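Notes to accompany the following structure.
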Amino acid sequence: MPQVPLASLRPFEAATRHESFVKAAAELNMTPTAISQHVRAVENWLGVALFIRHARGVTATTAGRDFAAAVANGLGHIEIAAQQLRLDSIEHPVSVACIASVATRWLIPRLPAFRKKHPGIRINIVYALDAPTPKGAGVDLMIRHGPRPAADAVALLAAETRPTCSAEYKRRHGPLQNPADLADADLLHDETTSSWARWFALAGLHRSPDSGPVFADFSLMIASVIGGQGVGLCPTALIADELANGTLVTLFDTPLDTDKFYWLLQAGRLSGEAQIFRDWLVSAGG
């Protein structure tokens with residue numbers, strides 16, 4: 476059987492509904508001749524006469540009316556499905572949960588590039604809080620920090636940290652050329668003092684970190700580091716811009732937390748828009 480003349484189905488349906496090639500042509504912004512050609516293509520495909528032609532116009536046959544009803548039903552289903560897909564992209568934006576430091580220092584600065592490329596996709600960013608999975612947080616995607624949280628997690632960014640301070644602080648408290656020089660530096664702590672204790676041990680120094688300020692998270696600590704208040708163990712991937720422009724400097728290349736990453740997790744099945752955003756995140760992180 477010849478291929479279905481899909482392009483001819485709507486002109487045929489309109490001609491049957493109006494029982495007029497002229498009115499169908501006006502509805503579809505076509506010529507009556509074009510409508511006639513589309514109807515003929517459907518008749519040739521079916522091998523059945525769908526219209527009776529006469530001097531005053533056309534009349535749909537019983538077969539024509541029955542087939543037109545089936546075509547109208549099918550086109551209606553397609554239209555409903557298309558409208559639902561459009562509504563889904565408008566009413567259900569892509570949602571991503573992540574910790575504040577990743578949102579403010581990595582994701583948000585890059586969003587304008589995504590929005591320029593995909594202006595029709597809305598993004599909602601929420602805090603990850605205590606939910607361990609995207610499903611638990613009620614989001615499409617999640618960025619988590621630490622060891623690999625699941626077999627299907629994708630590593631976006633390395634989370635290794637290095638001793639970092641502002642260029643201005645180094646000028647005031649330098650030279651800070653050896654790890655031992657940190658004995659007299661102002662150490663800044665992210666959540667606890669344990670990270671500095673582990674870094675000192677890794678560097679071969681047997682000392683306890685001083686009781687400098689302890690910040691609730693990296694987002695707070697990095698403000699203090701940039702402000703020239705001391706040295707903090709900073710994830711290099713989240714301060715790339717400041718390192719590039721010289722605002723911040725890493726003092727030593729000995730990294731801590733080499734086993735940790737910022738991981739991307741996704742809900743089971745993603746919408747087309749969420750898949751586009753997910754792929755963009757992977758490419759941006761890579």
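Using my numbering, the letters of the sequence shown map in sequence onto residues 476 to 761. Beta carbons: idealized from backbone N, C-alpha and C, even for Gly. Because the structure is a prediction, the values reported are computed rather than measured.
Val571 is the residue among Pro684, Val571 and Glu502 whose C-alpha sits nearest the C-alpha of asparagine 599. Spanning the alpha carbons of glycine 705 and glycine 679 requires a straight line of approximately 21 Å. Shown here for alanine 633: same chain residues with a beta carbon closer than 7 Å to its own, the five before and five after excluded, namely Ala712 and Phe736 in chain order. Distance from the Cα of threonine 491 is smallest, within the candidate group Met505, Ala543, Val517 and Ser511, for Ala543. If you ignore the 5 residues before and after proline 486, its C-beta comes within less than 8 Å of the C-beta of Ala499, Leu503, Met505, Ala509, Ile510, His513 and Val514, all in its own chain and listed in chain order. The three-state reading of DSSP puts proline 507 in helix, counting H, G and I together.
Pairwise C-beta distances place the stretch 617–626 in contact with the stretch 739–754, as three or more of them are shorter than 8 Å. With distances taken between CA atoms, glutamate 748 lies nearest to Pro568 out of Ala545, Pro568 and Gly522. For alanine 642, the three-state secondary structure derived from DSSP is helix. Judged by beta-carbon spacing, serine 699 lies beyond the 8 Å limit of threonine 579, meaning their Cβ atoms are not closer than that value.
Less than 8 Å divides the Cβ of leucine 731 from the Cβ of threonine 636. By the Cβ-count criterion, threonine 534 is exposed, with fewer than 16 other Cβ atoms from all chains shown falling within 10 Å of its own Cβ.
Secondary structure note for aspartate 665: its beta strand (DSSP E) is the uninterrupted segment 662–665.
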